[in-house]
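Structure record follows, encoded as structure tokens.
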Amino acid sequence: HVLCSILPAEQLLVAHLNHGLRSAAATDAAFVQTTAQAWGVRCVVEVVDVAALAKQKGVSLEEAGRQARYQFFARLARQEEATAVAVAHNADDQAETVLLHVLRGSGLLGLRGMRPISPMPQGDGVWLLRPFLAISRAEIEAYCQENQLHPVEDASNQELIFLRNRLRHELLPLLAAYNPAIKTRLQHMADIVAADYDLLDAIVTETWEQVYYGAGDGWLAWRRSSWRDLPLSLRRALLRKAIFQLEPQLADVTFRVIESARQVAETKVAQAAAALPGGLVLRALYDLIYVIRETAVLPVSGPQLEGERELPVPGTIQLADGWQLVAELQTASAVPDVQHNEDPWHAFVDVGEAAVLQVRSRLPGERWQPLGMGGHSTKVKEVMINRRIPVQLREKWPLVVADEHLVWMVGQQIDERVKVTAVTQRIVHLYCYQKFRAVSQI
């Protein structure tokens, strides 16, 4: 009725989806069609088996109905080349939504509630409008009475089997006994949180540009070392951003999922993985964190050496694809905790007075003594296999060498013979990192 008063009828289309859950649903659909016809507005009514969808997807009736409605609206909007879809959520609905998210332990994204204008899910550029979001249900009912409108109420709104209805009819009245303005306060909180979220989102977007590595068919990646240095809030937000970039239709990503993924990404081991919703997987590989679809093929990435090189101490050499290998001198007193170093891309070693180290690839049948094996030797090839270095990278994987034996298998382990001890006077700090993005941004 409001839209008909400000827009020509030919610019409007009424869309109604019968969920097939109530015996009165067909009567309600007929009411919508009759009213639209009386106002000269085109109307599309469809029927969907929401109960079957809920069972198929393993979600609640409420969630299945919500998904079905927005898919229906988005499809019609695309067919009609519409620029916007308007729905009738009001201020009371907003208060209920915020309270529902509080009970679920939501973050800022949920606590901001619904927004007056937002991108339409699956809408391909269509906007979702909520023009009544700041108007209470009582004000809408007064408008209907003033304009002699006789709306039909969905009888299921009274059924307490639905959580939202229990909030509306039981919890909110109880909270009103403590604060009569509880609905208004929840609406104000949503507005405050929304502004804070917008600020955080802008910071996340800017930070994403700084840590981003690249993207391809079914995957995207960012710098592990740069991401680790960020505040906790940004680390979580970037994980969420990456997930939704690949699967924008996900209803939500829980705190537990984000925390599990974050802990895996923060681990100091060279390779780790965590399951994500929507058929996604997080993989931490060397200095990159990937979010990928299970079927995606990742590009091979890691330090690669072309030929044998000398590494001055101190000094830096360039490896392939922007990787750099650095040697720095440090005194034992300046690095008191080197024996507890857990970062595989940093190594602290005692190579005596060596002024130059050699960097080369592995030799046929080469053996070494990895730290922690008590001086026992093993084949370099076996360690590379056990550490899951991709087979394509093994032949050119850089090894730092001194006195004809290995010092460091880059990104993996040092040799027992170069470990720092209580009598070490001169420590060489070796580290390897990738200096720039290797894949163009999409």
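Each residue of the sequence shown is one higher than the one before, starting from 1 at the first, in our numbering. We put the CB at the ideal spot given by N, CA and C, even for glycine.
{"Check": "Helix, strand or coil at K379 according to DSSP, with G and I counted as helix", "Outcome": "strand"}
{"Check": "Contact the stretch 405–420 vs the stretch 372–390: 3+ CB pairs below 8 Å", "Outcome": "yes"}
{"Check": "Beta-carbon separation (whole angstroms), R426 vs L329, contact threshold 8 Å", "Outcome": "7 Å"}
{"Check": "N147 to I192 span [Cα, whole Å]", "Outcome": "34 Å"}
{"Check": "Neighbour-count burial assignment, I389, 16 or more Cβ in a 10 Å radius", "Outcome": "buried"}
{"Check": "Same chain, Cβ closer than 8 Å to F162, neighbours up to 5 away in sequence not counted", "Outcome": "L61, E62, S156"}
{"Check": "Cross-strand partners of T316 (DSSP beta bridge)", "Outcome": "V326"}
{"Check": "Delimiting residues of the beta strand (DSSP E) encompassing E443", "Outcome": "The shown model of the chain, from 1 to 442, leaves out residue 443, and the question about it has no answer."}
{"Check": "Status (buried if at least 16 other CB within 10 Å, exposed otherwise) for S301", "Outcome": "buried"}
{"Check": "Cut-off 7 Å between Cβ atoms - residues of its own chain near A88, not counting five sequence neighbours on either side", "Outcome": "F132"}
{"Check": "Beta-carbon contacts of W408 that lie in its chain and below 6 Å, excluding the five residues immediately before and after", "Outcome": "A347, V400, I414, L430"}
{"Check": "Helix, strand or coil at A84 according to DSSP, with G and I counted as helix", "Outcome": "strand"}
{"Check": "Close-in-space but distant-in-sequence residues of the same chain around A25 (CB under 6 Å, 5 per side omitted)", "Outcome": "N18"}
{"Check": "G110 - containing alpha helix (DSSP H), residue span", "Outcome": "108–111"}
{"Check": "Run of the beta strand (DSSP E) containing Q271, from where it starts to where it stops", "Outcome": "271–276"}
{"Check": "Strand pairing of A15, partner residues [DSSP]", "Outcome": "V44"}
{"Check": "Beta-carbon contacts of H1 that lie in its chain and below 7 Å, excluding the five residues immediately before and after", "Outcome": "N147, L149"}
{"Check": "A9 vs G40 beta-carbon contact at 8 Å", "Outcome": "yes"}
{"Check": "Rounded separation between I135 and T254 - CA only", "Outcome": "31 Å"}
{"Check": "Cβ pair count under 8 Å reaching 3, the stretch 266–273 against the stretch 192–212", "Outcome": "no"}
{"Check": "V439 versus P303: straight-line alpha-carbon distance, rounded", "Outcome": "In this predicted model, V439 has a pLDDT of only 35, less than 50, meaning its place in the structure is not dependable enough to derive any value."}
{"Check": "Between the CA atoms of S23 and L250 - distance to the nearest angstrom", "Outcome": "31 Å"}
{"Check": "Cβ neighbours of V113 in the same chain (closer than 6 Å, five flanking residues each side left out)", "Outcome": "Position check: residue 113 holds Gly in this sequence, whereas Val was assumed. These residues qualify, in order along the chain: Q94, T97, V98, A190."}
{"Check": "Where H429 sits in the DSSP three-state scheme", "Outcome": "strand"}
{"Check": "Distance between L129 and P121 (C-alpha atoms, nearest Å)", "Outcome": "12 Å"}
{"Check": "Length of the line joining the Cα atoms of R256 and R104", "Outcome": "12 Å"}
{"Check": "Pairwise C-alpha distance: I182 and C144", "Outcome": "25 Å"}
{"Check": "Limits of the alpha helix (DSSP H) - the one that V349 falls within", "Outcome": "It is not in any alpha helix (DSSP H) - V349 instead sits in the beta strand (DSSP E) that spans 346–349."}
{"Check": "Straight-line Cα distance separating F244 from V14", "Outcome": "30 Å"}
{"Check": "Nearest neighbour of Q263, chosen from L167, R224, G279 [CA to CA]", "Outcome": "R224"}
{"Check": "Three-way DSSP call (helix, strand, coil) for S333 in this model", "Outcome": "helix"}
{"Check": "Simplified DSSP state of P119, which is helix, strand or coil", "Outcome": "strand"}
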